[in-house]
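Quick notes on the structure that follows.
Residue numbers (my numbering): 1 to 155.
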């Protein structure tokens, strides 16, 4: 083999070796940073990094299969979205008769005319139908007297 060709092969092999070593190092650093974004468990972080450190590309493939599907930020964001949706569902009110969605300020259902709330005679705030007194001003309405119906007698 010519002397110049041997030197070129040595340089090419050295460059390929340096490239593969740098790639291996970058994969280790990337795995370390990625697993830190996905879990707080230190043991899992160390094991994932060691997996790529020891097994290189096959270790990376195994890590990509086993890693948590979402980052901690994505998990937090999804939890916030779920919480907001649940809160939105809780806030929505529905008519007890026809189950139509109503606003919290509706006195009467617009679909079936069922009375949903009433106004306080003292402060004019909205009150739930079953409340015995106003939660805002403490006013208690006088008890409504039910008119006695005469009993029919046979003569």
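Every residue, glycine too, gets a C-beta built ideally from N, C-alpha and C.
Check whether residue i and residue j have beta carbons under 8 Å apart
i: residue 133; j: residue 117; result: no
i: residue 52; j: residue 21; result: no
i: residue 60; j: residue 27; result: yes
Residue burial classification, residue i (beta-carbon count within 10 angstroms, cutoff 16)
i: residue 138; result: exposed
i: residue 89; result: exposed
i: residue 38; result: buried
i: residue 109; result: buried
i: residue 19; result: exposed
Between the CA atoms of residue j and residue i - distance to the nearest angstrom
i: residue 146; j: residue 105; result: Because residue 146 sits at a pLDDT of 48, beneath the cut-off of 50, its placement in the model cannot be relied upon, and the following sentence gives the value as read from the coordinates. Approximately 29 Å between the Cα atoms of the pair.
i: residue 2; j: residue 8; result: 10 Å
i: residue 54; j: residue 5; result: 34 Å
i: residue 121; j: residue 142; result: 10 Å
i: residue 113; j: residue 86; result: 28 Å
i: residue 193; j: residue 24; result: One cannot answer for residue 193 here, as it falls past the ends of the chain, which runs 1 to 155.
i: residue 43; j: residue 82; result: 29 Å
i: residue 58; j: residue 35; result: 17 Å
Whole-angstrom C-beta distance between residue j and residue i, which should lie under 8 Å
i: residue 115; j: residue 129; result: 7 Å
Handout entry: Length-filtered (3 minimum) beta strand (DSSP E) runs lying within the region 107 to 136
Key = 117 to 119 and 126 to 128
Practice task
Please list the segments of the alpha helix (DSSP H) lying wholly inside the region 12 to 87, counting only runs of 4 or more residues, in order along the chain.
Solution key: 42 to 66
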